[in-house]
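Notes to accompany the following structure.
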Amino acid sequence: MVASHLENIEVIPLKIEIPQSQQLEKPWMKFAGVFKDNPDFETVQQYIQDYRQALDEENTEVKD
Numbered sequence: 002m003v004a005s006h007l008e009n010i011e012v013i014p015l016k017i018e019i020p021q022s023q024q025l026e027k028p029w030m031k032f033a034g035v036f037k038d039n040p041d042f043e044t045v046q047q048y049i050q051d052y053r054q055a056l057d058e059e060n061t062e063v064k065d
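Just so we're aligned, residue 2 is where the sequence shown starts under the working numbering, counting upward by one.
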């Protein structure tokens, strides 16, 4: 079935130029440090770590 679909495909090369400003842009960087002065940040990080560890332990128990 897949082979029959591939028989009808035509590959067309396409070159797209990306403006220089977009090549260097890292959109997530505007959020870097946004929580640096938030007193609850470390508490939230610990909560996330504890939650992930609990999930890992649950998954390990299921596999055993």
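Virtual Cβ for every residue (Gly too), placed ideally from N, Cα, C.
### Query
Taking the C-alpha atoms as reference points, what is the distance between L7 and D51?
On the sequence shown, position 6 is the one that residue 7 refers to. On the sequence shown, position 50 is the one that residue 51 refers to. Computed Cα separation, rounded: 48 Å.
### Query
In whole angstroms, what is the alpha-carbon distance linking Q21 and F36?
Sequence index remark: in the sequence shown, residue 21 carries index 20 (1-based). Sequence index remark: in the sequence shown, residue 36 carries index 35 (1-based). Computed Cα separation, rounded: 30 Å.
### Query
How many angstroms separate the CA atom of E11 from the CA atom of F42?
Indexing the sequence shown from 1 puts residue 11 at position 10. Indexing the sequence shown from 1 puts residue 42 at position 41. Cα atoms of E11 and F42: separation of roughly 52 Å, rounded to the nearest angstrom.
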